[in-house]
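Okay, so here's the structure we're looking at.
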Amino acid sequence: MEEIKVLFKCPICLEKIPMILDLLEQQPQTYIEDCAVCCNSIQISYNCENAKAKNFQASKAYG
Ligand SMILES: [Zn+2]
């Protein structure tokens, strides 16, 4: 399993948060993750391409 570490800014508290991404498949990945700082839910989405994460996005999760 390939894993990479990314640093992104939480859309809610604006803190920089490190996160491990699994590079399992080429399909776009979308899931909800809790912010380690503010504990709010963040929707994470990215594509895997050549063992790298592309189009990484973190947005506020609703619901
Ligand atoms: Zn946060």
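For the sequence shown, the residue numbers in my numbering are 65 to 127.
We put the beta carbon where it would ideally sit given N, CA and C, even for glycine.
Kindly indicate the opening and closing residues of the beta strand (DSSP E) around Val-70.
Per DSSP, Val-70 belongs to the beta strand (DSSP E) from 66 to 73.
Could you work out which residue in Asn-104, Ile-106 and Lys-69 is closest to Asp-86 when comparing CA atoms only?
Cα-wise, what sits closest to Asp-86 is Lys-69.
State yes or no: is the C-beta of Val-70 nearer than 7 Å to some heavy atom of ligand 1?
For ligand 1, not one heavy atom lies less than 7 Å from the Cβ of Val-70.
Report, in whole angstroms, the separation of the C-beta atoms of Ile-76 and Cys-102, which I expect to be a contact under 8 Å.
Their Cβ separation, rounded to whole angstroms, is 6 Å, which keeps Ile-76 and Cys-102 in contact under 8 Å.
Between Ile-96 and ligand 1, is there a pair consisting of the residue's CB and a ligand heavy atom that are separated by less than 7 Å?
Ile-96: no, Cβ never under 7 Å from ligand 1.
Going by the C-beta, is Ile-76 closer than 7 Å to any heavy atom of ligand 1?
The answer is yes for Ile-76.
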